[in-house]
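Heads up: the sequence shown begins at 1 in full-length UniProt numbering, then just goes up one per residue.
For each residue, glycine too, the CB sits at the ideal point set by N, CA and C.
Worksheet for the structure shown next.
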Amino acid sequence: MGGLSAAMNEILAANVKHLRLTSGLKQELFAELIGVSQGTVSRWEGGAEPKGEQLVKLAAHAGRSVHELTTRLIAEDNGKALTPTFAYEGSTLMLPVHLPNSDVLTEMFSQILESLGEADPDVIARRLAQMLPGALAQTVARLPRHHRETLPPVSEDD
């Protein structure tokens, strides 16, 4: 067994299934959104412990902290669905995400800033501007196929 207790694994399994079902997703599409296999989602729902990076990814997609996913049943707090609603305005992809607290965003930006290793705000801004197009491209690549196909084409001059 890994780092989670049996009780935490049970809570996590229930939360994964609840988030998937309230999102109206089959395991395959849920897995595609998170970037894992359908079998992995099935194992999580059966009580298997996700690897550390998978658990962080799952929490980020759910807009929850890892602590929340492993210590309290989301179904009991009327938690919002994992899957963001995809809406398109022109060439802009908007992903409204439920963030009950800033833990997920703070953690994400802290990791980015730590990886940059810079104290100068101008350097950080330039590096982030360089990193964002690639990060967005990776995000689009991880979208379910049916969502990617509805995105408007990107022209060379954009």
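Can you name, in chain order, every residue of its own chain whose Cβ lies under 7 Å from the Cβ of residue 159, other than the five neighbours on each side?
This structure gives no information on residue 159, because the portion of the chain shown stretches from 1 to 158.
Over the uninterrupted alpha helix (DSSP H) stretch that includes S42, give me the two end residues.
Q38 to E45
If you check the beta carbons only, do L69 and L12 fall under 8 Å apart?
yes
For G3, three-class secondary structure by DSSP
coil
Determine the DSSP secondary structure at R20, reduced to helix, strand or coil.
helix
Mind reading off the beta-carbon distance from E49 to L4? Whole number of angstroms is fine, and I expect it under 8 Å.
5 Å
Buried or exposed by the 16-neighbour rule on C-beta atoms within 10 Å, applied to R126:
exposed
Output the distance between the C-alpha atoms of E28 and V41, rounded to the nearest integer angstrom.
8 Å
Rounded C-alpha distance that separates N15 from K26
15 Å
Work out the CA separation of I124 and K51 for me, nearest whole Å.
31 Å
Could you check which residue in L19, R43 and G35 has the C-alpha nearest to that of R64?
L19
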